[in-house]
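Chains as they are written, first to last, in the numbering used here: chain A, 8 to 436; chain F, 8 to 436.
Glycine included, each C-beta is placed from N, C-alpha and C at the ideal position.
I have placed the structure first, in the form of structure tokens, so that the comments after it can refer back to it.
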């Protein structure tokens, strides 16, 4: 089968506005854009940092505030099933990441959830103390390992980092039987590099290593097959490609085969087998609910739950197809502008090796990013020199790609981006 | 000075509807009720489980959704100062609990926050392993200690429970120099008993014990003086008396004198001294921000932040005065109904020993509670036999107390509460 992205990569290097307009006309996901509230005259290429707001969220928030909380008050835990929301939302995500029911639940933040699964995994690996990860992994993942290590002591838990630029073969060599846990983020937050989940999981498990995948930059962005890859644990983020809102609740996946053996230390009342019996001894719930801790943040979780309904009729393979095509068009357009030659793509070109973003190194990446934002193209910057462009096929059009690259080229050609106002640093960059 | 509650207790045992109407007319907090959206024909006595919704929350949610998230998107971290929301909200709570600036921050759930301060406190107490608490403490507090103990091993961390019914003298005897941490909830979730924070903190510290207070049932309900009592650490809940919404973010207080020494293990990127430098080594932030972990749940935290503004012009002593008066009237009215004699008050009668709720034992407490709810009086039930009535002076009127007790008396006198429909158990009780 010749897919659109395959066709584009092999035959279509000259990207024109009419071609992009034609691709929009043929896009089976084109109507999805209407499911979102988007600012006018803006191309939003930062959905990998904060997803756009689905219209369903505003409707749901209205229900939760004007009916559930304010009118039905405490009764809503039963009558509006707030108590099951972590499971309900979790199952919607499970469908997107290839997890059979009963293995994925929404709760807390990605960082807190990593602490839970990492502690669980370490307890399952007596005699092994090393957590292996990449130096370029998203820092909070590394910090949480360091936090656990500081609590357990170096003799029980150590973080070993290998250079993020290693190729797969070198990474594989590090998978020795001294490693307790392999902790990897499927798509690198800087480069957008996509790791081979199937192969790395298999190689690690062959050495008795438990594998934790962080899906922050892949859940909702591309097809994932957690069960088929025999993954042990995964965590992920609700506010990027899943569009759950700023700081949306995160999620935990734990393979059903581990549910009996695990014991996670953030054992709050929501993870108890019978929370409302108010027993003074902790008895973990059966199944995935044992990973819950405190009372779920219902306002934030309701927003995420509503946002996930946008995916109800979306096939992830279709989404991926459009993501790759959009990315291809973006980079081809960059190549078509001589003035953009100083931009160095650090995202792998092969589709199988990249997620749903493009990242370019440039000495003035910060100023370029600020200039783009000022001109209605929302990109983001990652220190020290990366311009990062998130590709979110649910609400990006092919013509948006044209608009973005044209704007970028104009800012560079005119030296507009060198104006001092674009060098002013924000608190959050 | 003769306060209202003092006057009522000593002179006014015959509570009549006209008296209550008169008290409403004289109530300096009467107008605060207009700050809330409340269901019609309902007396809400469960604000100690889920606070009612302030009108400001609906306005704020509208801003956050229709402007901040959907229009300004990622820029809102700077332009709407989302990044500082944990501090901004925290300082609003600090004022209510007697904490000078820089010591209180909003984040995560009460359970997760307890894990942070408990781990911190244990690391500050080498050679001591026992966490002392009451068997009747809210279970999630006990479960989190058990979780930490399971991680650290019994030789490093042990939970010791003493009977919740002990008097202060007996509790004091348990404060030996083998104890690392004393973990107490200021107001008992079942009985409403209020512990003496000043005295217990002082006695514990005299033995080298660090003290953690859980303020879930006291923050926003009565005056608290964390700094004046020299408290070490505290945690609390945003969704009860603070009205932050279901599962609202919780908070952490850590006395400034401990900020350098502590090291908390849930060391996520928001607790880093420079989160956006994406350094691979954790370096804790100075001050209270070191207790942050993951990305804050902005939708839920914005609701809490707006809800806290209701307290902006409220003096906690005034709130306490009304709380005690409402509680006094409630119990006096119960005593005035012969049919309510089977209800046994387990809340201490002395104002200095009770929080802002009343709790009665009754063999059919569950059915009574369900019958009350069906008749527009929202109370709650705590296993095995407690009918619990939360007193929230910001939105309860004196006449509501009349309505509640009259309804209760009618349900009992008519045996209505014995009908089978009131015995049907809910998932959340």
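Query	Result
Can you tell me whether residue 123(F) is helix, strand or coil according to DSSP?	helix
Within 8 Å, do at least three Cβ pairs link the segment 71-89 of chain F to the segment 360-374 of chain F?	no
Would you kindly work out how many angstroms separate the C-alpha atoms of residue 256(A) and residue 304(F), rounded to a whole number?	7 Å
Residue 286(A) touches chain F at which residues, Cβ-Cβ below 8 Å?	146
Chain F partners of residue 408(A), CB-CB under 7 Å?	Simply none; closest approach about 18 Å.
Could you check whether residue 350(F) and residue 335(F) sit closer than 8 Å to each other, using their CB atoms as the reference points?	no
Using the Cα positions of residue 54(A) and residue 397(A), report the straight-line distance between them to the nearest angstrom.	6 Å
From the beta carbon of residue 247(A), is the nearest beta carbon of chain F less than 8 Å away?	no
If we count the other Cβ atoms within 10 Å of its Cβ and call it buried at 16 or more, is residue 319(F) buried or exposed?	exposed
Is the segment 192-202 of chain F touching the segment 141-156 of chain F in the sense that three or more CB pairs, one from each, lie closer than 8 Å?	yes
Hey, residue 147(A) and residue 126(A): beta-carbon distance below 8 Å or not?	no
Compile a chain-ordered list of the residues in the segment 271-282 of chain A whose CB is closer than 9 Å to at least one CB of chain F.	271, 272, 273, 274, 275, 276, 277, 278, 279 and 282
Given this structure, state the Cα-to-Cα distance separating residue 252(F) from residue 258(F), to the nearest angstrom.	14 Å
Taking the Cβ atom as the reference point for each residue, do residue 399(A) and residue 248(A) lie within a distance shorter than 8 Å?	yes
So, do the segment 379-387 of chain F and the segment 41-50 of chain F have three or more beta carbon pairs nearer to each other than 8 Å?	yes
Residue 205(F) versus chain A: which residues are under 7 Å apart at the beta carbon?	In chain order: nothing, as chain A lies at least about 27 Å away.
Quick one: is residue 200(A) near chain F, going by C-beta distance under 8 Å?	no
Could you name the residues of the segment 114-144 of chain A whose beta carbon sits closer than 7 Å to any beta carbon of chain F, in the order they occur along the chain?	115, 116, 117, 118, 119, 122, 126 and 142
Report yes or no: is there a C-beta of chain B within less than 8 Å of the C-beta of residue 60(A)?	Note that chain B does not occur in the displayed structure, where the protein chains are A and F.
In angstroms with no decimal places, state the Cα-to-Cα distance between residue 209(A) and residue 200(A).	19 Å
Would you tell me roughly how many angstroms separate the C-alpha atoms of residue 79(A) and residue 306(F), rounded to the nearest one?	20 Å
Taking only beta-carbon positions, decide if residue 301(F) is within less than 8 Å of chain A.	yes
From the beta carbon of residue 435(A), is the nearest beta carbon of chain F less than 8 Å away?	yes
Name, please, each residue of chain A whose Cβ falls closer than 8 Å to the Cβ of residue 389(F).	285
Just grab the DSSP bridge partners of residue 258(A) for me.	113(A) and 243(A)
Does the beta carbon of residue 96(A) come closer than 8 Å to any beta carbon on chain F?	no
Which value, in whole angstroms, describes the spacing of the CA atoms of residue 292(A) and residue 271(A)?	11 Å
Tell me the DSSP secondary structure of residue 366(A) in three-state form.	strand
According to the neighbour-count rule (16 or more other Cβ atoms, all chains shown, within 10 Å of its Cβ), is residue 176(F) buried or exposed?	exposed
Going residue by residue through the segment 157-201 of chain F, where are the continuous beta strand (DSSP E) segments of at least 3 residues, counting only ones entirely within it?	165-169 and 186-192
For residue 357(F), which residues from the same chain have a beta carbon less than 8 Å from its beta carbon, with the 5 sequence-adjacent residues on both sides left out?	none
Show which residues of chain F have a CB atom less than 7 Å away from the CB atom of residue 51(A).	80
Can you name the residues of chain F whose CB is closer than 7 Å to the CB of residue 89(A)?	253
Determine whether the beta carbon atoms of residue 52(F) and residue 411(F) lie at a separation below 8 Å.	yes
Tell me, please, whether the CB atom of residue 220(A) is closer than 8 Å to any CB atom in chain F?	no
Which of the three DSSP states, helix, strand or coil, is assigned to residue 264(A)?	helix
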